[in-house]
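Asker: Have a look at this one before I ask anything.
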Amino acid sequence: MRVYLDNAATTPLDKEVFEAMAPFMLEDFGNPSSTHAHGRKVRAAIESSRKKIAELLNCTPGEIIFTSGGTEADNTLITSGVQTYNIKHAISTPIEHHAVTHTLEVLEKQGTIELHHVELDKNGHVDLGHLEKLLKQFPNSLVSLMHANNEIGNLLDIQRVGELSKQYNAFFHSDTVQTMGHYRHNMKELHVCGLTAGAHKFHGPKGVGFMYIQKDRKIAQLIHGGAQERNMRGGTENVYGIIGLAKALEIAYRDMAEHTRHIQALKSRMIEKLRENIPGVLFNGDSANSERSLYTVLNVSLPESEENDMLLFNLDLQGISASGGSACSSGASTGSHVLGALYPNSKRGAVRFSFSKYNTAEEIDFATEKLADLFKVNA
Ligand SMILES: Cc1ncc(COP(=O)(O)O)c(C=O)c1O
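Our numbering puts the first residue of the sequence shown at 12, with every later residue one more than the last.
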């Protein structure tokens, strides 16, 4: 048996998505910028994809810009947001995705911004009181806080952060790469200036994503070239990627209630079985809290053992694809910057399991059993 439990890294492509994409790989090959019939047909398909996504997010098509994925969308919103609004202060955390932390570090090194870290509570949640304090001290800043952490699954109160950001005139960017397609984002209610998505996290193709940019918070173009994407991003569009992205999001919204129930049940089952079978097991961040954690992610914290470093390797040998990384207090280049920031002195092992609509209860039982066996041997 081979079990895939690394869906926060990437998800398998949905067959329905592939079927929607296939014609654009073969017969509908025109360049969407061409004005002849071949081009016009493809242009129409791109615009209809944009419209579909805008409907799902309750925004206007002009607020959706296609990118090569979450990383490019994060880089663009942060870098161009800072440039466009002459922003001098950024508020973020050390546990954002590297697409955010590294972009902010570059801007800080250039002397463009001063970076301020908002305090986290013991479970890794953003301290909203401290956020407000920073916003008061540094109005008109950039706030970059992810909606859900890709490693530990902690969910942000994005509504509240949006309201606070609006109150202090901050440019609020939220990395929603892990929540897009798993939660509904209503852009008429969220006070977010920019958010980001990568199609491969919700059964779409790799190498394509989008950014939402609120129409009153336009930003300058970052990739110069042709007039594609309403002059926001030069370069011939990833046509079949865009078609697949829109189809994947449409399916995700269509089946969201059912999939949420299914995946949440798998996660609860795993938590229960791990607690029964591994003495001393804990869960990193607020990963076991069903209210404040992404239902697709469970980050397991295993008691200290010399063999912890080999756990992922051994799980792989046993047929389980998962990921993780220890807190790595030794400062070596491997290890998780998220766990390192939250548990700097921990020597416990960590495995991140992440689930999708395709996983089954049998797979959860298999993985739990193998982890418990390994741990018994190694502990
Ligand atoms: C939270 C988060 N942000 C950004 C990214 C990067 O997205 P992409 O792979 O589409 O560039 C990922 C993917 O791992 C992610 O989990």
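Ideal Cβ placement from N, Cα and C applies to all residues, glycine included. Bear in mind the structure is a predicted one, so any value in this text is a computation, not a measurement.
Should L382 be labelled buried (16 or more other beta-carbon atoms within 10 Å of its own) or exposed?
Answerer: Position 371 of the sequence shown, counted from the first residue, corresponds to residue 382. Answer is buried; the Cβ neighbour count reaches 16.
Asker: Contact defined as beta carbons within less than 8 Å: I believe V154 pairs with H141. What is the distance between those atoms, to the nearest angstrom?
Answerer: The residue given as residue 154 occupies position 143 in the sequence shown. The residue given as residue 141 occupies position 130 in the sequence shown. Actually they are not in contact, since the Cβ atoms of V154 and H141 sit about 12 Å apart, beyond 8 Å.
Asker: At what residues does the beta strand (DSSP E) containing G209 begin and finish?
Answerer: Locating residue 209 in the sequence shown gives position 198, counting from the first residue. Unbroken beta strand (DSSP E) run through G209: 205-209.
Asker: Just curious, the beta strand (DSSP E) that G360 is in, first and last residue?
Answerer: Position 349 of the sequence shown, counting from 1, holds the residue named residue 360. Start and end: 360-365.
Asker: Tell me whether G335, by its Cβ, gets closer than 8 Å to a heavy atom of ligand 1.
Answerer: Within the sequence shown, numbered from 1, the residue matching residue 335 stands at position 324. Flag unset: Cβ of G335 not near ligand 1.
Asker: Between the alpha carbons of K52 and E38, how many angstroms are there, rounded?
Answerer: The residue given as residue 52 occupies position 41 in the sequence shown. The residue given as residue 38 occupies position 27 in the sequence shown. In a straight line, the C-alpha of K52 is about 11 Å away from that of E38.
Asker: Grab me the residues of R280's own chain with a C-beta within less than 7 Å of its C-beta, minus the 5 sequence neighbours each way, in chain order.
Answerer: Numbered from 1 along the sequence shown, position 269 holds the residue referred to as residue 280. Once the five neighbours on either side are set aside, the close Cβ partners of R280 are A372, I375.
Asker: Note down the Cα distance separating L385 from H109, rounded to an integer number of angstroms.
Answerer: Translated into the one-based positions of the sequence shown, residue 385 becomes position 374. Translated into the one-based positions of the sequence shown, residue 109 becomes position 98. Answer to the nearest angstrom: the Cα atoms are 31 Å apart.
Asker: Is Q239 near ligand 1, with its Cβ less than 8 Å from a heavy atom?
Answerer: What you label residue 239 is simply residue 228 of the sequence shown in a count that begins at 1. Not under cutoff, so the answer is no.
Asker: Report buried or exposed for L328, applying the criterion of at least 16 other Cβ atoms within 10 angstroms of its Cβ.
Answerer: Locating residue 328 in the sequence shown gives position 317, where the first residue counts as 1. Exposed: under 16 other Cβ atoms inside 10 Å.
Asker: Does the Cβ of S334 have 16 or more other Cβ atoms within 10 Å, making it buried, or fewer, making it exposed?
Answerer: Here residue 334 refers to the residue found at position 323 when the sequence shown is read from its first residue. S334 is buried by the Cβ-count criterion.
Asker: Quick check on the DSSP output: the beta strand (DSSP E) that includes A264 runs from which residue to which?
Answerer: As a working mapping, residue 264 is identified with position 253 in the sequence shown. The displayed chain sequence assigns Tyr, not Ala, to residue 264. It is not in any beta strand (DSSP E) - Y264 instead sits in the alpha helix (DSSP H) that spans 250-265.
Asker: For G236, verify whether its CB is less than 8 Å away from any heavy atom of ligand 1.
Answerer: Mapped onto the sequence shown, residue 236 falls at position 225. No, ligand 1 has no heavy atom inside 8 Å of this Cβ.
Asker: Identify every run of the beta strand (DSSP E) within the stretch 266-330, keeping only runs that are complete inside it and at least 3 residues long; order them along the chain.
Answerer: 308-313
Asker: What do you reckon, is the C-beta of H108 under 8 Å from a heavy atom of ligand 1?
Answerer: Locating residue 108 in the sequence shown gives position 97, counting from the first residue. Yes, ligand 1 has a heavy atom inside 8 Å of this Cβ.
Asker: Under 8 Å Cβ to Cβ from S79, same chain only, skipping five residues before and after it: list those, please.
Answerer: Position 68 of the sequence shown holds residue 79. These residues qualify, in order along the chain: G218, V219, G220, N249.
Asker: Going by DSSP, what residue range makes up the beta strand (DSSP E) through F221?
Answerer: Within the sequence shown, numbered from 1, the residue matching residue 221 stands at position 210. Counting along the chain, the beta strand (DSSP E) containing F221 begins and ends at 220-224.
Asker: Quick check on DSSP: helix, strand or coil for V391?
Answerer: It is not possible to answer for residue 391, since the shown part of the chain is limited to 12 through 390.
Asker: Going by Cα to Cα distance, which pick from D297, G330, E162 is closest to H136?
Answerer: In the sequence shown, counting from the first residue as 1, residue 136 sits at position 125. When each option's Cα is compared against that of H136, the closest is D297.
Asker: Say the cut is 8 Å; is the CB of G209 nearer than that to a heavy atom of ligand 1?
Answerer: Along the sequence shown, one-based indexing puts residue 209 at 198. Yes, the Cβ of G209 comes within 8 Å of a heavy atom of ligand 1.
Asker: Just to confirm the assignment, what range does the beta strand (DSSP E) spanning A101 have?
Answerer: Stepping through the sequence shown from its first residue, residue 101 is reached at position 90. Counting along the chain, the beta strand (DSSP E) containing A101 begins and ends at 100-103.
Asker: Does H196 come out as helix, strand or coil in the three-state DSSP assignment?
Answerer: What you label residue 196 is simply residue 185 of the sequence shown in a count that begins at 1. Correct three-state label for H196: coil.
Asker: Below 7 Å CB to CB, which residues in the same chain sit around D227 once its five sequence neighbours on both sides are set aside?
Answerer: Residue 227 sits at position 216 when you count from the first residue of the sequence shown. Contacts found: none.
Asker: Looking only at its own chain, which residues have a Cβ that is under 6 Å from the Cβ of E119, when we skip the five neighbours before and after it?
Answerer: Mapped onto the sequence shown, residue 119 falls at position 108. Within the same chain, E119 has close Cβ partners L126.
Asker: Given that a residue counts as buried once 16 or more other Cβ atoms are within 10 Å of its Cβ, and exposed if not, what is D132?
Answerer: For the purposes of this step, residue 132 is taken as the residue at position 121 of the sequence shown. Flag for D132 reads exposed.
Asker: With H, G and I counted as helix, E and B as strand and the rest as coil, what does DSSP make of E27?
Answerer: Residue mapping note: residue 27 aligns to position 16 of the sequence shown, counting from 1. Here E27 sits in helix by DSSP.
Asker: Kindly give me the distance between the Cβ atoms of F377 and V311, rounded to whole angstroms, as I take these residues to be in contact under 8 Å.
Answerer: Counted from its first residue, the sequence shown places residue 377 at position 366. Counted from its first residue, the sequence shown places residue 311 at position 300. The pair is not a contact, with the Cβ atoms about 15 Å apart (cut-off 8 Å).
Asker: Where A343 and L323 are concerned, what is the direct C-alpha to C-alpha distance, given to the nearest angstrom?
Answerer: Numbered from its first residue, the sequence shown carries residue 343 at position 332. Numbered from its first residue, the sequence shown carries residue 323 at position 312. The predicted position of A343 is uncertain, since its pLDDT is 44 and thus under 50; a value taken from the coordinates is nonetheless stated next. Rounded to whole angstroms, A343 to L323 spans 17 Å at the Cα level.
Asker: What is the DSSP secondary structure of H47, counted as helix, strand or coil?
Answerer: Translated into the one-based positions of the sequence shown, residue 47 becomes position 36. Coil at H47, not helix or strand.
Asker: With distances taken Cα to Cα, identify the nearest neighbour of S316 among H273, L309, A361.
Answerer: Taking the sequence shown and counting its residues from 1, one reaches residue 316 at position 305. In terms of Cα proximity to S316, the closest of H273, L309, A361 is A361.
Asker: I need the DSSP call for E66, collapsed to helix, strand or coil.
Answerer: In the sequence shown, residue 66 corresponds to position 55, counting from 1. In this structure, E66 counts as helix in the three-state DSSP scheme.
Asker: Tell me the rounded alpha-carbon separation between A48 and I57.
Answerer: Residue 48 sits at position 37 when you count from the first residue of the sequence shown. Residue 57 sits at position 46 when you count from the first residue of the sequence shown. Their Cα atoms are separated by approximately 14 Å.
Asker: When every heavy atom of ligand 1 is checked, does at least one fall within less than 8 Å of the C-beta of T82?
Answerer: For this step, residue 82 is matched to residue 71 along the sequence shown. For ligand 1, at least one heavy atom lies less than 8 Å from the Cβ of T82.
Asker: Comparing the CB of A19 with every heavy atom of ligand 1, is any distance shorter than 8 Å?
Answerer: Locating residue 19 in the sequence shown gives position 8, where the first residue counts as 1. Yes, the beta carbon of A19 sits closer than 8 Å to at least one heavy atom of ligand 1.
Asker: For V137, list the residues DSSP reports as bridge partners.
Answerer: Within the sequence shown, the letter at position 126 stands for residue 137. Looking at the DSSP assignment, V137 forms a beta bridge with L131.
Asker: Are G252 and I234 close, meaning C-beta to C-beta below 9 Å?
Answerer: Within the sequence shown, residue 252 is the residue found at index 241, counting from 1. Within the sequence shown, residue 234 is the residue found at index 223, counting from 1. It is not a contact, given that the beta carbons lie outside the stated cut-off.
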